[in-house]
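The next block holds one structure in the form of structure tokens; read it before the comments.
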Amino acid sequence: MTEQNPIDSLFRDGLKEAQFQAPEGVWEAVQSQVGSASTTAAGTSLAKTVVGWKWALVGLGAAAISTFALWEPHAAGSNSARVESVEAPIFAENQVPSPLESSVAAISDGPGLTPGQEASSPSTVDAQPAMDTSIKQPAQFPVSPAAEAHSAPVLGPQKPAPKTSSIACLGMAKGQLSDLPGSCVRFEGFSEGAQRQYWRVDGHVRNQVSGTECLEFGQRKKVALVLIAEDFRACKDSQVYWLEAPVFEEPKFVIPDVITPNGDGLNDAFYLVLEPRPLQYELLIFDQLNRLVFRSENPDEAWKAQCYQSPCPAGLYRVVVTTRFEGSSEARVIRQPLIIKK
Amino acid sequence: MNDSKPNRELEMHRIHECLAGDAKAQEALYRRFANPLYTICLRYMGEPDGARDMLQEVWIKVFTKLGEFKAQGSFEGWLRRIAVTTCLDGLKKDRLRFSEDVEAFQEEVSWNQGQDSQLDAKRLMQLIERLPVGYRTVFNLYAIEGFGHAEIAEMLAISENTSKSQLHKARKWLQERLNSENFHKS
Chain H
1 MTEQNPIDSL FRDGLKEAQF QAPEGVWEAV QSQVGSASTT AAGTSLAKTV
51 VGWKWALVGL GAAAISTFAL WEPHAAGSNS ARVESVEAPI FAENQVPSPL
101 ESSVAAISDG PGLTPGQEAS SPSTVDAQPA MDTSIKQPAQ FPVSPAAEAH
151 SAPVLGPQKP APKTSSIACL GMAKGQLSDL PGSCVRFEGF SEGAQRQYWR
201 VDGHVRNQVS GTECLEFGQR KKVALVLIAE DFRACKDSQV YWLEAPVFEE
251 PKFVIPDVIT PNGDGLNDAF YLVLEPRPLQ YELLIFDQLN RLVFRSENPD
301 EAWKAQCYQS PCPAGLYRVV VTTRFEGSSE ARVIRQPLII KK
Chain D
343 MNDSKPNREL EMHRIHECLA GDAKAQEALY RRFANPLYTI CLRYMGEPDG
393 ARDMLQEVWI KVFTKLGEFK AQGSFEGWLR RIAVTTCLDG LKKDRLRFSE
443 DVEAFQEEVS WNQGQDSQLD AKRLMQLIER LPVGYRTVFN LYAIEGFGHA
493 EIAEMLAISE NTSKSQLHKA RKWLQERLNS ENFHKS
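Line by line, the protein sequences are chains H and D. Take the first sequence: its letters are residues 1 to 342, numbered as in our numbering. Take the second sequence: its letters are residues 343 to 528, numbered as in our numbering.
Here it is, written out as structure tokens:
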């Protein structure tokens, strides 16, 4: 049982009935991604038969491929300082390559990534993260949005995917990444002969040929952008572009703990030394009675030891600084005492 | 949500239509619950883009697992649980970290409800969005979802003390902002 607290109650009651408008386009993305997944638990018998057939083939293809291709990232080119490498096609989505086709693809086009390997290789998580380990098959398999859209535009029973050669369109997917300020990147697809192109950015589908994305690296050293191109036969090709995390210097952080506002020109005001300039900043100063005496969101603004329009008395104060620097997704909160001496 | 009998029957009817592959029923189900689920995602992710991605994953899970829904419970409650667990998984994937330092959290965090008891939902959401992610996650689970520290500790693979510490820090952080707003109003 949780204890009652006025702040908890304020938020619980205030947000109980609150509803924020869901963004446009999510339904379309869900519809294109789920495909036949909704039939796994209690769909029609027809749907179950189709899914079973499809999965049996996927298993066969994956097992065959795994004997040939050991996927390992390798540098194969560079578009910009941070674009580390361009990988060979992951796999021809929507198709179930025969063992022969798979081996040809793996040998002729360098390392390839198979669904089976994807699940077992930690290095591939960035490229095609599994949706969730708790989701039952077939949803665990990286369902191709376009593939499902092709074979089943709505959720539920669907036709099996057309069988086309997986090597028929190898090399079709071509794109480019360009650096933008910060951790942002512009992606563009130039796949000739593709009827449709889209990107997976850090595992999330972006149903567009080009666009910009600001990436959150967290603790990771690199993330993957995957371009997927599909031709009129529903044959698919993909390219993986790795982006290295930009290297940020440790921020310089100086917070004075004593000021002497006596008019001698030395340490008369309180200000912070912050390098580089933080993306988010807030300074709060509280007096001994825990009353807020100063608040600022401007890192250049100094506190001239004024409390309620008059000079603050000497004594102990409390400083709370919240900052977030480029390269960090999390704000850092520092609390420390401040002494005013006269 | 009103869980009256006619509504519930309509809901179950719609679920069966979805399971039969009726695209219109699936879309109707989505439209009915998209906003409340997006609100949950926004509370946990703290920003619209992340919330959007999570909403997408939530609905993929919902349609994948729809046949597992047991009619004994509330359908919206089932959806909410999926939304919360999906967001937690998303946060873990993004390397959610909790500082293990257990500060003294016995210090009472109080706040004078007074004039701010009428803060609107938008403002409350803005404050939650600005909470550091570790604080925000535990605060959401404890204060809004109503989980206990033992359950939170298990869900997030942290100690109960860390959960208590994060909650205390979250309340303190929110208290400071609420006091700050009072200060600027006065």
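Every residue gets a Cβ at the ideal spot worked out from N, C-alpha and C, and that includes glycine. Source: prediction; values computed, not measured.
Range of the contiguous beta strand (DSSP E) that encloses H/G315:
315–324
Within 10 angstroms of its Cβ, does H/R277 collect 16 or more other Cβ (buried), or is it exposed?
exposed
In chain order, what residues of the same chain have a beta carbon less than 8 Å from the beta carbon of H/W303, not counting five sequence neighbours either side?
A269, F270, Y271, L283, I285, F294, S296
Could you give the distance in angstroms between the alpha-carbon of H/G218 and the alpha-carbon of H/Q19?
29 Å
Verify the CB distance criterion: does H/G156 have a CB-CB separation below 8 Å to chain D?
Reliability of the predicted coordinates at H/G156 is poor, the pLDDT of 33 falling under 50, and no value is obtained from them.
Quick one: residues in its chain with C-beta nearer than 6 Å to the C-beta of H/T323, no 5 flanking neighbours on either side, listed in chain order?
P278, Y281, R332
Buried or exposed, going by whether 16 or more other CB atoms sit within 10 Å of the CB of D/V475?
buried
Beta carbons nearer than 7 Å to chain H: which residues of the stretch 475–508 of chain D have them?
V475, Y484, A485, I486, G488, G490
Quick check on H/L10: buried or exposed, where buried means 16 or more other Cβ atoms within 10 Å of its Cβ?
buried
Would you call D/T479 buried or exposed, if buried means 16 or more other Cβ atoms sit within 10 Å of its Cβ?
buried
Under 8 Å Cβ to Cβ from D/H491, same chain only, skipping five residues before and after it: list those, please.
Y484, E502, S505, K506, L509
Check the Cβ of H/L284 against every Cβ in chain D and list those closer than 8 Å, keeping chain order.
E518, S522
Candidates D/A425, D/L516, D/D462, D/E471: closest to D/F375 by CA position:
D/A425
Is the beta carbon of D/L433 less than 8 Å from the beta carbon of D/V400?
no
Based on Cα-Cα distance, which residue from H/P23, H/V209, H/C214 lies nearest to H/L180?
H/C214
Helix, strand or coil at H/A302 according to DSSP, with G and I counted as helix:
coil
Proximity test, Cβ basis, 8 Å: H/N5 and chain D:
yes
Are the C-beta atoms of H/F325 and some chain D residue less than 8 Å apart?
no
What residues match up with H/C214 in a beta bridge as DSSP calls it?
H/C184
List the residues of chain H whose Cβ lies closer than 8 Å to the Cβ of D/L369, in chain order.
A small correction: the amino acid at residue 369 of chain D is Glu; Leu does not occupy that position in the sequence shown. In chain order: W27, Q31.
Same chain, Cβ closer than 6 Å to D/E471, five either side skipped, listed in chain order
G388
Should D/K434 be flagged as near chain H, meaning a C-beta pair shorter than 8 Å?
no
Rounded to the nearest angstrom, what separates D/E487 and H/A305 at their Cα positions?
42 Å
How would you list, in chain order, the residues of chain H whose beta-carbon sits under 9 Å from the beta-carbon of D/L397?
A22, P23, V26, V30
Neighbour list for H/G211 in chain D, Cβ cutoff strictly below 7 Å
Correct list: empty, because the minimum Cβ distance to chain D is about 12 Å.
Distance check for H/W242 and H/Y308, CA to CA, integer angstroms please.
54 Å
Tell me which residues share the same chain as D/S459 and place their Cβ nearer than 6 Å to its Cβ, disregarding the 5 neighbours each side in the sequence.
Below a pLDDT of 50, predicted positions are generally treated as unreliable, and D/S459, at 49, falls in that range; no measurement from the model is reported.
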